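Colleague: Residues in the sequence shown are numbered consecutively from 5, following my numbering.
Glycine residues also receive a C-beta, built at the ideal position from the N, C-alpha and C atoms.
Keep in mind that this is a model prediction, so the values were computed, not measured.
Before we start, here is the structure in question, set down as structure tokens.
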Amino acid sequence: MRRSTLALAVPGPALRGPGPRPRIPLALDVLAAAAAAGVLAVAVVSALQGAPPWRVSSFALVLALVVLVAESRPVTRRTSGRGGPLPVSWGFLVALVALGPVSLALLVRAVPTLVRQVRRGAGPQAVLVAVGTSLVGVLVCAVVLDALLGTAAGGPVLRDPTDWPAVLVAGTAGLLAQALARSASWRVVVRPPRRVVRTGSASGLLLTLAVLASAPVVVVSAEGGAGLLLLVCVPLSVVLVSAAVARRHERRALVDDLTGLPNRGAFLAATARHLRGEPGPELGPGLLVVDLDHFKDVNDTLGHPVGDALLREVADRLAAQAPADALLARLGGDEFGLLVPDRLEAEGLALAVVEEMSRPLRVGELQVLLPASVGVALAPHHGADAASLLRSADVALYQAKQVRGRACTYAGRCDVNSVERLRLLGDLARAVDRGELFVHYQPQVEPGTGAVVGAEALVRWRHPELGPVGPDRFIPLAEQSGLVAGVTTVVLDRALADAASWRAAGFTPTVSVNLSARLLTDHDLPALVAAGLRRHAVPAGDLVLEITETGIVSDPERARVVVHRLRALGCSVAVDDYGTGQASLAHLVDLEVDELKIDRSFVTGMTRDRARAVIVGSTVQMARDLGLRVVAEGVTDAPTQQALAALGCHSAQGEHVGGPMTAAAVLDLLRARRAAAAARPAPVTAPRPE
């Protein structure tokens, strides 16, 4: 037997608003007339039967009461995304038709439907259509039962309980007629599009069979009176409640509780069905993965309730941008997926999403900027199945996040890098715990004397299989995955331990440690630094913490608080790669930093390029006027070092000064420079004339 297919209509904001409704006057007039005729059928049938709905037996009244109660909270089954409520009361409703009077069955069917539509705020036309389609099944059931049994109008239709097969057939016919009428109403009445997620399941079929089979049982139980009917309700209620619970569990397994959107599993299932249904190799859909930049910072700063509200707002915005036939889902965390049937629209939609998310989000009185990066994959070229298509979109997303706030389409040449990236990401988490990370140091010297005054800590990774892994390969992974806090903790602890060993040997150079932009907004960072200083008995003045201009701009308020607390410990704070970011002079003044590090792109070649020389010279002069120390990176030759000395630059580092080296090599360099300084003859001072 082929399994039935259920369609789960996911609540939440529609993918696109209904917009102006096209006028279909003839069709609406026909439906309205049919609805009105259905309502009038109550009075007509009552007159023909000679039994108005208020003159009925106690058994019929009990049946009517059961129908009214059940109809107030119907269990729904959806077919192809359009089916309406399948009331658990259908079996009792059919029994009421069979035992009479039909007028009462029509009445208890129409009233709950009317109440539901009014409570939903439906318009007059929608109310008439809903009431009319709900009565079609009852009328068809009555007609079929009359035809099968050949009974005359008036009184109960079913007189012999052995005629129960006719009740089953009539109930089935009425249910089919109701489904067809509802489907026709969906084709005529314009309604907002719904996101529909189907899942193969037999629960809908079992529920339908249970409801239909209940009608003959209820009819036969009429011989025992109303009391026996209540006993019949017990097992039937168990079946119906179990089916409702199963449907609820199915829905929760497919829907994201926060946004009401389909979840990752439902999205993959829908994508797989769409791919199977494509007629040709060039007509595949487009799949977009949308990721919010810096969302973790929002959660850490404003709290998870605000983050949840922002995610719901993002879902609304994405729904407004997507075409009406697209499927929007929340894949997890701050990632959303969009399946666009027309692949030609996918790349344009990605750009539209990036532009839309460049506008601030509003939550209460707050305005938060959460730009998005988007990865795009197009079927079948970038994946013939749902899993591979989503993976290709993830690869494209990684490329987009290298710049942030942009959209990228999958390119095969990036795939090898992505596989390696995923492998390194998994290994990096273990490397932090296994001690595979170590630290080298690049010395900093006074340009004029060559004396070693400091060293910058540079993290390195010795992979057990790949060998040395450069920081340019794993530091971006640590930044994006949240592992950067663990990496920084390792570097800070190692750097302070080596600084303590240099101090024990009689040397006191400063040691510089780079801080991620993510850590610059972490209020726990000062406590971590203070604990490290105490553990290794290193004075706070020996530690320089380097921050980037990106970290300053991303959240100036929180950065100001953290920097103030770090400087209160006695540590120095330096702005790394100065000149390459977007920090203004106002940021520098507000943060009260101690040191500027001029980026190597300006220092290297400054003796041959007047523009670079002017930039370096003006930066040194400005920093000195502000009372800041200046460190120049990228010193590759002696003339550059001499030029920096002439400008009054405090420190220099680069290949000419010394490449990355171990802590032991730094100690050897310190000893060698001290010995050289001691061996250098003292300058001779000419005697002053008498």
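Using only CA atoms, which one of Leu487, Ala615, Leu462, Asp346 lies nearest to Asp502?
Modeller: Leu462
Colleague: With burial defined as no fewer than 16 other Cβ atoms inside 10 Å of the residue's Cβ, what is the status of Asp629: buried or exposed?
Modeller: exposed
Colleague: Could you work out which residue in Leu500, Ser520, Phe511, Val635 is closest to Arg538 when comparing CA atoms only?
Modeller: Closest by alpha carbon: Leu500.
Colleague: Less than 8 Å between the CB atoms is what I'm expecting for Thr514 and Gly439, so what's the real figure, rounded?
Modeller: With 8 Å as the limit, Thr514 and Gly439 do not qualify as a contact, their Cβ atoms being about 26 Å apart.
Colleague: Do Tyr414 and His444 have their CB atoms nearer than 7 Å?
Modeller: no
Colleague: Would you call the region 599-612 and the region 560-574 in contact, with 3 or more CB pairs under 8 Å?
Modeller: no
Colleague: Using only CA atoms, which one of Leu149, Lys405, Phe511 lies nearest to Ala679?
Modeller: Phe511
Colleague: Beta carbon of Leu179: closer than 6 Å to some heavy atom of the ligand MN?
Modeller: The ligand MN is absent from the structure shown, which contains no ligand whatsoever.
Colleague: Considering just the uninterrupted stretch of the beta strand (DSSP E) at Ser377, what are its terminal residues?
Modeller: 376-382
Colleague: To the nearest angstrom, report how far apart Leu549 and Asp672 are at their CA atoms.
Modeller: 24 Å
Colleague: Exposed or buried, which one is Gln121 when buried takes at least 16 other CB atoms within 10 Å?
Modeller: buried
Colleague: I need the straight-line Cα distance from Asp581 to Pro475, nearest angstrom please.
Modeller: If you take the alpha carbons of Asp581 and Pro475, they lie about 16 Å apart.
Colleague: For Leu674, does the three-state DSSP call read helix, strand or coil?
Modeller: helix
Colleague: Can you tell me the Cβ-Cβ gap for Leu355 and Gly290, rounded? I've got them flagged as a contact below 8 Å.
Modeller: Between Gly290 and Leu355 the Cβ distance is about 12 Å, and since that is not below 8 Å, they are no contact.
Colleague: What residue ranges within the region 509-565 form continuous alpha helix (DSSP H) runs of no fewer than 4 residues, ordered along the chain?
Modeller: Taking only runs of at least 4 residues, the alpha helix (DSSP H) segments lying wholly in the region 509-565 are 529-540, 553-558.
Colleague: May I have the straight-line CA-CA distance separating Ala185 from Val133, to the nearest angstrom?
Modeller: 10 Å
Colleague: How long is the line joining the alpha carbons of Asp329 and Val119, rounded to whole angstroms?
Modeller: 31 Å
Colleague: My output table needs one value for His568: the three-state DSSP class, helix, strand or coil.
Modeller: helix
Colleague: Cα separation between Trp506 and Val449?
Modeller: 16 Å
Colleague: Name, in chain order, the residues that DSSP records as bridge partners for Asp580.
Modeller: Thr552
Colleague: According to DSSP, is Val624 helix, strand or coil?
Modeller: Three-state result, Val624: helix.
Colleague: At which residue ranges does the region 396-467 contain complete beta strand (DSSP E) runs of 3 or more residues, listed in the order of the chain?
Modeller: 411-413, 441-449, 456-467
Colleague: Distance, Cα to Cα, Gly638 vs Glu369?
Modeller: The straight-line gap from Cα to Cα measures roughly 46 Å.
Colleague: Using 8 Å for Cβ pairs, my map puts Ala276 next to Asp398. What's the rounded Cβ distance?
Modeller: Going by Cβ atoms, the distance from Ala276 to Asp398 rounds to 17 Å, so no, they are not a contact pair.
Colleague: For Thr263, is the classification buried or exposed, using 16 other Cβ atoms within 10 angstroms of its Cβ as the cut-off for buried?
Modeller: buried
Colleague: Using a Cβ-Cβ cutoff of less than 6 Å, which residues in the same chain neighbour Val140 once the five nearest sequence positions on both sides are dropped?
Modeller: Result list for Val140: Ala181, Gln182, Ala185, in chain order.
Colleague: Suppose you measure from the CA of Ala319 to the CA of Asp598; what does that come to, to the nearest Å?
Modeller: 43 Å
Colleague: Per DSSP, what kind of secondary structure is Ala367 in: helix, strand or coil?
Modeller: The displayed chain sequence assigns Val, not Ala, to residue 367. Reduced to three states, the DSSP call for Val367 is strand.
Colleague: Between Gln645 and Val661, what straight-line distance do the alpha-carbon atoms span, to the nearest angstrom?
Modeller: 9 Å
Colleague: Quick one: give me the first and last residue of the beta strand (DSSP E) that Asp295 is part of.
Modeller: 290-296
Colleague: Determine the contact status of Ser516 and Glu596, defining contact as a CB-CB distance below 7 Å.
Modeller: no
Colleague: Determine the contact status of Gly609 and Leu651, defining contact as a CB-CB distance below 7 Å.
Modeller: no
Colleague: Whole-angstrom Cβ separation of Val144 and Val112, contact assumed at under 8 Å?
Modeller: 17 Å between Cβ atoms; not a contact.
Colleague: Report yes if the C-beta distance between Thr707 and Ala647 is below 7 Å; otherwise report no.
Modeller: Shown here, the chain extends from 5 to 694; a query on residue 707 therefore has no answer.
Colleague: Taking buried to mean at least 16 other C-beta atoms within 10 Å of its own C-beta, is Leu373 buried or exposed?
Modeller: Leu373 is exposed by the Cβ-count criterion.
Colleague: Helix, strand or coil for Pro327, going by three-state DSSP, please let me know.
Modeller: If DSSP states are grouped into helix, strand and coil, Pro327 belongs with coil.
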